[in-house]
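Numbering (this note's numbering), first residue to last: 52 to 198.
Right, here's the structure in full:
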């Protein structure tokens, strides 16, 4: 009986520990007009898996390993959609959100919130919000203006 309780406790510890260390980085994006992609510029140490869902019901998933500009396909979204993008943290090191080189702010995608910072082992947050206005939820945080 004691072995059974020990096994159950060990199993629960492993499950809780795994979930605690794999909390995703989750962002929210608004699209007044239909878009086909969310542009990011990540730095990774391996494969990064992602999922996304839109308020219209569209959804998708995929992965990337690039350290350059990357477009996450959001095919099937419509004008007015709000998309929630979730990135697994293990191999993500830095990211520029909504980033496309040589594209002006007015033609770029619109991040509206960071829902969860997750457990990403960030190497850098430099220019994470490049070409973006400061997200309203962060306006009171003076340090975020340097990100």
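Just so it is clear, CB atoms sit at the ideal spot from N, CA and C, and this is done for glycine as well.
For residue 173, does the three-state DSSP call read helix, strand or coil?
coil
Under 8 Å by Cβ, that's how I've got residue 134 and residue 80 pegged, so tell me the actual separation to the nearest angstrom.
The C-beta distance from residue 134 to residue 80 rounds to 5 Å, short enough to meet the 8 Å contact threshold.
By a C-beta neighbour count over all protein chains shown, 10 Å radius and 16 as the cutoff for buried, is residue 167 buried or exposed?
With a threshold of 16 other beta carbon atoms within 10 Å, residue 167 falls short and is exposed.
Quick check on DSSP: helix, strand or coil for residue 139?
coil
In its own chain, which residues sit with a C-beta less than 7 Å from the C-beta of residue 96, not counting the 5 before and 5 after it?
142 and 144
Is the beta carbon of residue 137 closer than 8 Å to that of residue 102?
yes
Threshold first: 3 residues or longer. Then list the beta strand (DSSP E) segments lying entirely within the stretch 97–135, N to C.
If we require 3 residues or more, the beta strand (DSSP E) runs fully inside the stretch 97–135 come out as 99–105, 110–115 and 121–124.
With residue 92 as the anchor, note down where its beta strand (DSSP E) starts and where it stops.
88–95
Taking its Cβ as the centre, do 16 or more other Cβ atoms sit within 10 Å of residue 75, making it buried, or is it exposed?
buried
Once the 5 residues before and after residue 117 are set aside, which same chain residues still bring their CB inside 8 Å of it?
93 and 95
Under the three-state reduction of DSSP, which class applies to residue 76: helix, strand or coil?
strand
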